[in-house]
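Residue numbers (UniProt numbering): 1 to 174.
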């Protein structure tokens, strides 16, 4: 029997989801909570549970939240991303994938892949035309994982290690 469940979040999952996200910012990324980047984490319910075309999906081990992913309406913003990329993914028809995190003790069990699959189905059912995301390739395993489930559309790495090493992807909806 599989000890994990992946499902849309309910209000009772919000605190656990926030813990997974904050732990990731501090332990994995090393820079902690940054309000200009992570404002959504403070009000997960208002950002992801209430809006009709947004969602938060959680991976549960029993009742403990051990993984997250989130979907919000809208494409990449310019700046900081190139204007042509923002035009390619207009807000009206694009959903963006955020916060795909799995607690390190629960990795290598297919949870991230299932979180993304459920988010993808949500996006297709909600009538979006595209599912966009970007990732910092300095995060261990990020580029390999995203390349296995999505198509790269723009490699923005600049060779400067102190800068973000961002690659932009699209996940097919069909």
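Glycine is no exception: its CB is placed at the ideal position from the N, C-alpha and C atoms.
Given the structure is predicted, the values throughout are model-derived calculations rather than measurements.
Does the Cβ of residue i have 16 or more other Cβ atoms within 10 Å, making it buried, or fewer, making it exposed?
i, result
"residue 105", "exposed"
"residue 21", "buried"
"residue 141", "exposed"
"residue 108", "exposed"
"residue 129", "exposed"
"residue 76", "buried"
"residue 171", "buried"
"residue 39", "exposed"
"residue 146", "buried"
"residue 26", "exposed"
"residue 50", "exposed"
"residue 143", "buried"
"residue 103", "buried"
DSSP state of residue i, grouped into three classes?
i, result
"residue 173", "coil"
"residue 3", "coil"
"residue 43", "coil"
"residue 8", "strand"
"residue 136", "strand"
"residue 64", "strand"
"residue 175", "Because the chain spans 1 through 174 in this model, residue 175 falls outside it and cannot be assessed."
"residue 144", "helix"
"residue 27", "helix"
"residue 33", "coil"
Which partner residues does residue i have in the DSSP bridge list?
i, result
"residue 131", "95 and 171"
"residue 152", "169"
"residue 72", "96"
"residue 225", "Here the chain has residues from 1 to 174 only, and residue 225 is not among them."
I'd like the span of the beta strand (DSSP E) that includes residue i, first residue to last.
i, result
"residue 59", "55-61"
Taking the alpha helix (DSSP H) that residue i belongs to, which residues open and close that run?
i, result
"residue 114", "111-125"
"residue 22", "14-23"
"residue 83", "83-88"
Counting only beta-carbon separations shorter than 8 Å, does residue i have a partner in chain D?
i, result
"residue 133", "The structure shown contains no chain D; it is built from a single protein chain."
query: Is the region 76-83 touching the region 135-151 in the sense that three or more CB pairs, one from each, lie closer than 8 Å?
result: no
- prompt: Three or more C-beta pairs closer than 8 Å, one from the region 14-34 and one from the region 114-122: is that the case here?
  reply: no
query: Touch check for the region 57-67 and the region 1-19: three-plus C-beta pairs under 8 Å?
result: Contact holds: three or more Cβ-Cβ distances are below 8 Å.
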